[in-house]
Structure formats: C-alpha cells, structure tokens
Amino acid sequence: MSIISLDTRVKVGNTDYALSELFELVDQQTSDYGTSLNALKQAVVSGDLTIIQQVLQNSAAALRSLASLQNTLEKVLTLDLADPAQPEHVFIVEDSRGATELKLYKSHYTIGKADSCDIRLHSIYASRQHATLVRFLTENGEVRYRLIDGDPETSRRSANGTYVNNRSITECDLKHYDQILFGADVKATYFYLSPQFRSLTGLQDPTVSLSPDSTTEFEA
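The opening residue of the sequence shown carries number 1183 in this note's numbering; numbering runs sequentially from there.
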C-alpha cells in the first residue's frame, strides 16, 4: 500500500515541502548544478587558478545539495507503509464514552466533536474541529505524524486548546508515548510502535491494551 501522493509532506532539515514542491526544488538545483559546471568550464579555459578554485567550491556545494535531495526522494518514493519493517502509529483517545484505539494510516485526520470529523471527541469543551493530524515523511524516509491545534486550512484555533505533555501547542511532531489533552477532559496517547513491540501489550502503562482485534484501521 503506497502512501505517496503529490501532497505528501516531506521534511528536509527544518523545512516542510509537499512532494510536488520537492520535485520542483530538485529541478531547480539540477539547473543550478548545470550552470555551475558551465562556469567551471569557462574558468578552466581562462586559466585563472583563483577563479577555478572558487568555482570548484561552488560546484561541489551544488552537487552535495542535489545529491542530498535526490537521496531523500529515493527514500520517499520507494517507501511502502505496508512493509512489516515500518513502525505502526496507534492513537488512543479517552473521553466520556470510553477509550477508542485507532491505527493511523491516512495522510490527514480531522479531530473534534463535529459529526464530520475523522476522530470524534465527545466533550462540551471540544471544538467542532479541535485539531488535525497530518502525516509527513522525514528526509530519512520515516513516516511521522504532526498534531496541529485547530484547522490549518482556515488557521482557526480550538477554543480550549490542545496540550502535549502538559504544554500548550499550536503544532507538534508527535513522539512515542506523547500524552495529549484536547480542551479540558479528552485525553489521548500516541504510540510509535517499532516491529519488535507490535506483539506487546501494555507498553509503559499496564492499563493500555493494544490488541489487534480492538484496533481500528483507517486506510489512506
């Protein structure tokens, strides 16, 4: 099951790109590298060692940058979430109606009390769209999820806030066993499960069961 689309978010360094933007960046850097090679040829013809050395440094930097982006693209485009070596992402929500376990696959989840939300929150303190989960890929080809308070498409924040490990957030790249609070009384826990942990139950909290029979899968 491929998870790739042109809207897939890819994190390169500290910057996020849509995959389509990453393609454009590679095209631009390929062009820049071609320009630097032409400059190098002209410098060699001129015979000026100072200019040759400077252009060589510029060409080497352009090549390293291009190679890094191409390596990132290769990892992203060959990634398959169905591969058993890929970690699983489990999201457990606890509200007034009990606990719900979700296995995350989709590129995008809306969270809130509106009927249209992918993940429903049953609380008077929850906003209609309280938060959003967005899947992205690191430059190492790892699948991760980012939690964003409110609706990123309208920039509207939730009324009562979203908290990760007791800290108010606007957005946060989730890590294993992060503790989340939506508003005042809906709790959630995020699990980033490597293959060796998939058969375990309880993890760090003996009250939590990750039985495959009770886990709901949302597919992209």
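The beta carbon of each residue, even a glycine, is placed where N, CA and C say it ideally should be.
Inter-residue spacing [alpha-carbon to alpha-carbon] between residue i and residue j
i, j, result
"threonine 1292", "arginine 1279", "19 Å"
"leucine 1284", "isoleucine 1274", "6 Å"
"tyrosine 1374", "histidine 1358", "5 Å"
"leucine 1208", "isoleucine 1234", "Note on residue identity: the sequence assigns valine, not leucine, to residue 1208. About 25 Å."
"threonine 1383", "valine 1237", "Unreliable placement is indicated for threonine 1383, whose pLDDT of 43 sits below 50; the coordinate value is still reported in the next sentence. Threonine 1383 and valine 1237: Cα-Cα distance of roughly 58 Å."
"lysine 1288", "serine 1340", "22 Å"
"aspartate 1297", "arginine 1317", "22 Å"
"asparagine 1220", "threonine 1320", "33 Å"
"alanine 1200", "leucine 1255", "12 Å"
"glycine 1332", "tyrosine 1215", "41 Å"
"proline 1334", "asparagine 1348", "22 Å"
"tyrosine 1372", "glutamine 1252", "31 Å"
"alanine 1281", "arginine 1338", "27 Å"
"glutamate 1206", "asparagine 1322", "19 Å"
"asparagine 1196", "glutamate 1203", "15 Å"
"aspartate 1360", "serine 1228", "60 Å"
"threonine 1314", "histidine 1290", "7 Å"
"serine 1218", "glutamine 1239", "10 Å"
"serine 1250", "lysine 1193", "13 Å"
"valine 1272", "glutamate 1324", "15 Å"
"serine 1213", "aspartate 1230", "25 Å"
"isoleucine 1306", "glutamate 1353", "22 Å"
"asparagine 1342", "histidine 1312", "9 Å"
Close Cβ partners of residue i (< 7 Å) along its chain, the five nearest in sequence each way excluded
i, result
"alanine 1308", "Gly1294, Lys1295, Phe1364, Gly1365 and Val1368"
"aspartate 1355", "Arg1326 and Arg1328"
Expected contact under 8 Å - CB spacing of residue i and residue j to nearest Å
i, j, result
"glutamine 1210", "alanine 1244", "Going by Cβ atoms, the distance from glutamine 1210 to alanine 1244 rounds to 11 Å, so no, they are not a contact pair."
"leucine 1222", "serine 1241", "5 Å"
Cut-off 6 Å between Cβ atoms - residues of its own chain near residue i, not counting five sequence neighbours on either side
i, result
"serine 1381", "Legend: pLDDT at serine 1381 = 48, less than 50; position of this residue unreliable, value from coordinates given subsequently. So no residue of the chain qualifies."
"alanine 1225", "Ile1233, Ile1234 and Val1237"
"serine 1376", "Pro1269"
"threonine 1190", "Leu1201"
"isoleucine 1301", "Tyr1291 and Ile1293"
"aspartate 1198", "Arg1191"
"isoleucine 1362", "Val1346 and Ala1370"
"phenylalanine 1400", "For phenylalanine 1400, the predicted model reports a pLDDT of 38, less than 50, meaning its position is unreliable; a value from the coordinates is still stated below. Result list for phenylalanine 1400: Tyr1287 and Lys1288, in chain order."
For residue i: DSSP bridge partner residues
i, result
"phenylalanine 1273", "Leu1284 and Tyr1372"
"glycine 1294", "Arg1302"
"threonine 1197", "Val1194"
Cutoff 8 Å; reference residue i; Cβ partners in own chain excluding five residues on either side
i, result
"isoleucine 1351", "Leu1329, Asp1331, Thr1344 and Tyr1345"
"histidine 1304", "Asp1277, Ser1278, Arg1279, Lys1295 and Val1368"
"arginine 1310", "Gly1294, Lys1295, Ala1296 and Cys1299"
"threonine 1336", "none"
Residue ranges of each beta strand (DSSP E) within the segment 1308-1368, 3 or longer: DSSP runs (the beta strand (DSSP E)) wholly in the segment 1308-1368: 1313-1320, 1325-1331, 1344-1346, 1353-1355 and 1360-1364.
Ranges of the beta strand (DSSP E) found wholly within the segment 1206-1258, counting only runs of at least 3: Runs of the beta strand (DSSP E) inside the segment 1206-1258: none found.
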